[in-house]
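These protein sequence lines are chains A and B, in that order.
Numbered per this note's numbering, the first sequence spans residues 12 to 269.
Numbered per this note's numbering, the second sequence spans residues 12 to 269.
Protein chains: 2
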Amino acid sequence: MTSGSDPNRPMILGGPTVILVEPQLGENIGAVARAMLNCGLTDLRLVRPRDGWPNPRAVASAAGADQVLDQAQLFPNVDYAVADLQRVYATTARNRGMTQHIFNPRAAAAEMREQWNAGLKIGLLFGPERTGLINDQLSLADALIAVPLNPAFASLNLAQAVLLICYEWFVTTPEAPPERLLRTGQSQPATKADLLNLFEHLERELDACRFFSTPDKRPSMVRNIRNAFERMSLTEQEVRTFHGIVAGLAGRRKGNGA
Amino acid sequence: MTSGSDPNRPMILGGPTVILVEPQLGENIGAVARAMLNCGLTDLRLVRPRDGWPNPRAVASAAGADQVLDQAQLFPNVDYAVADLQRVYATTARNRGMTQHIFNPRAAAAEMREQWNAGLKIGLLFGPERTGLINDQLSLADALIAVPLNPAFASLNLAQAVLLICYEWFVTTPEAPPERLLRTGQSQPATKADLLNLFEHLERELDACRFFSTPDKRPSMVRNIRNAFERMSLTEQEVRTFHGIVAGLAGRRKGNGA
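Next comes the structure, spelled out in structure tokens:
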């Protein structure tokens, strides 16, 4: 997918701290930074990254999310990395048989947003690529997050897990775009008067070419045609285009048939 | 994140067709297959993949989602690839100035689920890695999907875009796990009688050691302690553990103080 980045548009920033525990591959750390900044998160903490820090491979895979890597903090263990946080969510793919609250990313995002609005410092804990967090680390968390996936094939890499959870966080930002809208380019949505005008133009020409074979069927046929046009949510410009289409077709028929 | 795959658990399958238009890297095609199967999607179509098909690099990055690659169909152009579909959603990161409905992945998933339940064949159209879909291809779609991201840094790779949209689809499956639950391991959640019994045991011992310095403060202190325990959502096993803790602490004190 093409990048939709625009450095002239406002950076939407702020959100939980992401803590990677013993990440193995620099590429994955960079991909995590990229996933985070996509969703406005910038605070990254690393606990004992296997290949040391800084790591040029992380920069290569961050795709420009350098500010996240530059500010990343290094910690010798998880206890220190979560010390100043007030709520911690740990991610896990497995049922470890422990008693903990478990959220899907959406429910976790809703709860984190409330905590964020109340001024709490929140952390998201991710384990090493292959093994995940160990039970003692899960026990540091207020609750767990598990991504709902096909139970017979649940296989996310580290950055994808970070992305899905951070995406759910971003959706809760007040600045996130609406769920659905009609994008209308340069033109405004047509008014009902514009539309009625078009309908009457079309129906006048349809009468003229004897499109309505039986008069008693005309009202229902008119309604069906109007319904189809209503579903188009036409713009002002498109209404003008359809006026032209009707006039053009009718003119051709008249010209040819004269 | 660790794989949570379990081949003994039921495969949840079914959903929209994913159509990749002129994908460049085999690695990305494999990563798309992996993202799809995570979310139960298996129908993949490829329009003129740059490096031909089949592609061993796709297999390497599919992480076991071979069934998606094995069934993938090849098409010479987008028109043929969408010919049998009844609803098509095209993904885009840019505002192209055309008039089209645009959904975020969540709203699109809700609409697709309704269409799926009504028996419609649905497709998701993704463009080439660098350029995305061209306007003529977007015009084949009933509506567009745009992932809401940080406007100043919106940078998803192809498989991540597929994953986010397919994830939202999967969340709408009836089989998806609940948004939140208390995972209790082997033990059942405690009953209120279990809890009251624990509270009374604790308060009896607190009375014995003169924990409540002033009698008039006892009721509110008891309520506060009970509230803290209620927030724990204890299991039966944990209630037994706390009985042991209270008995153990009190016994030690009695022994020492005798």
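Positions of the beta carbon are idealized from the N, C-alpha and C atoms, including for glycine.
So, under 8 Å CB-CB, residue i and residue j are touching, yes? Tell me the CB distance rounded to an integer number of Å.
i, j, result
"A/L135", "A/T102", "7 Å"
"A/P270", "B/P159", "This structure cannot settle anything about residue 270 of chain A, because the visible part of chain A is limited to 12 through 269."
"B/Q35", "B/P139", "6 Å"
"B/T183", "B/A121", "6 Å"
"B/V70", "B/D62", "The Cβ separation is near 13 Å, so there is no contact."
"A/G26", "A/W180", "5 Å"
"B/A119", "B/I176", "7 Å"
"A/F222", "A/A172", "The pair is not a contact, with the Cβ atoms about 59 Å apart (cut-off 8 Å)."
List, in chain order, every chain B residue whose beta-carbon is nearer than 9 Å to that of residue i.
i, result
"A/E249", "T110"
Between the C-alpha atoms of residue i and residue j, what's the straight-line distance to the nearest angstrom?
i, j, result
"A/R251", "A/D227", "30 Å"
"B/T13", "A/E125", "Annotation note: pLDDT 40 at B/T13 (below 50); position unreliable, no value reported."
"B/N66", "B/G37", "6 Å"
"B/V99", "A/L52", "32 Å"
"A/P162", "B/A44", "16 Å"
"B/Y178", "B/Q82", "21 Å"
"B/A92", "B/V58", "7 Å"
"B/N128", "B/Q148", "26 Å"
"B/L260", "B/L193", "29 Å"
"B/L48", "B/L85", "19 Å"
"A/P230", "A/P116", "52 Å"
"B/P200", "B/A239", "16 Å"
"B/T28", "A/A94", "46 Å"
"B/N146", "B/C50", "28 Å"
"B/R234", "A/P60", "45 Å"
"B/A74", "A/N168", "10 Å"
"A/S291", "B/T142", "The structure shown does not extend to residue 291 of chain A, since chain A is modelled only from 12 to 269, so the question has no answer here."
"A/I236", "A/M243", "11 Å"
"B/K132", "B/P87", "20 Å"
"A/R263", "A/E214", "17 Å"
"B/L245", "B/N19", "31 Å"
"B/T195", "B/D205", "16 Å"
"B/V257", "A/M123", "34 Å"
"A/A152", "B/L24", "33 Å"
"B/H112", "B/S150", "11 Å"
"A/M232", "A/L217", "11 Å"
"B/N290", "A/G255", "Since the displayed chain B opens at 12 and closes at 269, residue 290 of chain B lies outside it and no answer follows."
"B/C291", "A/V89", "Chain B is shown from 12 up to 269; residue 291 of chain B falls before or after that span and cannot be answered."
"B/E186", "A/H212", "51 Å"
"A/S72", "A/W64", "15 Å"
"B/I30", "B/R68", "19 Å"
Do residue j and residue i count as a contact pair if the criterion is CB distance below 8 Å?
i, j, result
"A/F253", "A/L209", "yes"
"B/F114", "A/E241", "no"
"B/V144", "B/V32", "Position check: residue 144 of chain B holds Leu in this sequence, whereas Val was assumed. Yes, the Cβ-Cβ distance between B/L144 and B/V32 is below 8 Å."
"A/A157", "A/A46", "no"
"B/V79", "B/L96", "no"
"A/A154", "A/A104", "no"
"A/G300", "B/Q197", "Outside the displayed range of chain A (12 to 269) lies residue 300 of chain A, so it cannot be described from this structure."
Along chain B, which residues have their Cβ under 7 Å away from the Cβ of residue i?
i, result
"A/M232", "Near A/M232 there are no residues of chain B at all, since even the closest Cβ is about 24 Å away, more than 7 Å."
"A/R61", "Neighbours of A/R61 on chain B: none; closest Cβ ~16 Å, over 7 Å."
"A/Q97", "Per Cβ cutoff of 7 Å: no residues; A/Q97 is ~15 Å from chain B at best."
Name the chain A residues whose beta carbon is nearer than 8 Å to that of residue i?
i, result
"B/I23", "N161, P162, A163"
"B/T246", "T110"
"B/Q197", "G108"
"B/G75", "F164, S166"
Give the interface partners of residue i over in chain A, defined as CB-CB distance under 9 Å, in chain order.
i, result
"B/N115", "V182, A187, P188, P189, E190, R191"
"B/L149", "By Cβ distance, chain A contributes nothing, its closest Cβ being about 11 Å from B/L149, past 9 Å."
With DSSP as the reference, identify every bridge partner of residue i, one or two as the case may be.
i, result
"B/F137", "B/L31"
"A/F114", "A/I156, B/R191"
"A/V233", "Looking at the DSSP assignment, A/V233 forms no beta bridge with any residue, so it has no partner."
"B/T246", "B/P200"
"B/Q11", "With chain B covering 12 to 269 only, the question about residue 11 of chain B has no answer from this structure."
"A/T102", "A/I156"
"B/L57", "B/L31, B/L85"
Applying a beta-carbon distance threshold of less than 7 Å, which residues of chain A neighbour residue i?
i, result
"B/D252", "Here residue 252 of chain B turns out to be Thr, not Asp, going by the sequence shown. Correct list: empty, because the minimum Cβ distance to chain A is about 11 Å."
"B/Y178", "L175"
"B/C50", "L160, N161"
"B/R20", "P162, A163"
Taking residue i as the query, report the chain B residues whose CB atoms sit under 8 Å from its CB, ordered along the chain.
i, result
"A/R194", "N106, M109, T110, Q111, H112, I113, L155"
"A/A118", "E190, R191"
"A/R45", "S166"
Does any heavy atom of the ligand PLP sit closer than 7 Å to the C-beta of residue i?
i, result
"A/F253", "The ligand PLP is not among the ligands present in this structure, which contains no ligands whatsoever."
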